[in-house]
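For my numbering, add 100 to where a residue sits in the sequence shown, where the first one is 1.
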Amino acid sequence: MGIHDATHDTRALMLDDVATYERADVHRVRDVLAKFPAQCRAAVELRPALAPATPRPRLIVVAGMGGSAASGDLLAGCAAERLDVPVLVHRGYGLPMLAGDRDLVIASSYSGDTAESLSAAEAALSRGCSLVAVTSGGRLAALARERGVPRVTLPAGLMPRMALGYLFFPLIGILKSADVHVVKGGEIEETFGVIDALAAELGPARPTATNEAKRLAQAIGDHLPVVYGGPLTGTTAYRWKTDFEENSKTFAAAGVLPEMNHNEIEAWSGPLARELYLVLLRDREEGPEITRRFGLLRELIAPGAAGVAEASTRGGSYLARLLSLAYLGQWTSYYLAILRGVDPWSVPVLDALKGRMRSDG
Ligand code: F6R
101 MGIHDATHDT RALMLDDVAT YERADVHRVR DVLAKFPAQC RAAVELRPAL
151 APATPRPRLI VVAGMGGSAA SGDLLAGCAA ERLDVPVLVH RGYGLPMLAG
201 DRDLVIASSY SGDTAESLSA AEAALSRGCS LVAVTSGGRL AALARERGVP
251 RVTLPAGLMP RMALGYLFFP LIGILKSADV HVVKGGEIEE TFGVIDALAA
301 ELGPARPTAT NEAKRLAQAI GDHLPVVYGG PLTGTTAYRW KTDFEENSKT
351 FAAAGVLPEM NHNEIEAWSG PLARELYLVL LRDREEGPEI TRRFGLLREL
401 IAPGAAGVAE ASTRGGSYLA RLLSLAYLGQ WTSYYLAILR GVDPWSVPVL
451 DALKGRMRSD G
């Protein structure tokens, strides 16, 4: 990673002082993140209460919002080079016209009370799609109970964006029961090994000098993070952006190569560039054209930015590579929240909007 800031400045001291976390992280998000490997392991065991009655689907739709849609992105990322069944991540009300009675719809809502996801579940039922609900409770669980919909019940009590393991791993089993195999033998175990290693490297006890997430957060500091990924890591760049927004309460941007080379790259000639911190999400199999394009970004736009850093996927399988990078992003946004003195857990504006949508509607 290309960060060359001093590790002895006050920010590093702050992140290496245990008292900081007692003060700034009252909901103990650090413990939730540290337990992410255990969450993933427990999630593999979660299965639908009723076996989904699905022949092999023509299309798989994961319908969810925010943190509950991120599992769909991860699934689509793993599936892209492997499955002959398209995986569509639907963020919004209803379902795309395309979804019909030969398709599998997974309604994913951690709380079970997200209006858009409930509307997608209703649409799936009325169109005769095979429907599976993935939720910890709420109205989605009630709908599943009342209408005989197979349901994976997730442990409650987390913020949805911090429940990525619970939201994602059951999808592998749901697809498998519909004869769709998104991971190969050994890939889940490999992923756990990679995540275990990262958990040991990224927690608060690991000093800034050797902690990639602390160093990234420290380098971003007061600047606005702009995260770019390649063909595999593009959706992870989006996940980093949403984690920065929800955990660190900062504006952030995300883009994907090569598309951003054809539009967004031009915005870097404006005066705002010096406020932006560039984070490039690399993958060892990104391919020579994408490697060249990342190199050109370093030449053409990085000099005008506040700084630039790179983070790379780890592991061999798509799953390990995507999840390792998502996990690094979670920790990075966590430390950025701590540095900025904001609570990484609560999302009061988001909650207020949901409340208003319910009461004003
Ligand atoms: C909050 C969060 C949000 C939610 C979104 C949908 O932690 O991550 O992005 O995921 O508002 O709510 P759920 O996941 O409950 O359907």
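Built from N, CA and C at the ideal position, the CB exists for glycine as well.
R339 sits in a helix when the DSSP states are folded into three classes. Closest in alpha carbon position to S424, among G167, T333 and H362, is T333.
Shown here, L332 sits in coil according to DSSP, grouped into three states, outside any helix or strand.
Around the ligand F6R, the residues whose beta-carbon falls short of 5 Å from at least one of its heavy atoms are M165, G166, G167, S168, S209, Y210, S211, T214, M259, P260 and R261, given in chain order. Bounds of the beta strand (DSSP E) holding A163 are I160 to A163. Taking 8 Å as the upper bound for CB-CB distance, R382 and E345 are not in contact here, some 23 Å apart. In the three-state scheme derived from DSSP, where H, G and I count as helix and E and B as strand, G355 is classed as strand.
Look at the beta carbons and you see the stretch 233 to 240 not touching the stretch 283 to 303: under three pairs across the two are nearer than 8 Å.
DSSP places Y121 in the helix class (H, G or I) of the three-state scheme. Of all C-beta pairs linking the stretch 161 to 169 to the stretch 253 to 260, three or more are shorter than 8 Å, placing the two stretches in contact. A220 is not a Cβ neighbour of L159, given a cutoff of 8 Å.
Taking the Cα positions, F269 is about 15 Å away from Y427. An exposed status is given to F351, since fewer than 16 other beta-carbon atoms sit within 10 Å of its beta-carbon. Distance from the Cα of V356 is smallest, within the candidate group V442, I390, A317 and G441, for I390.
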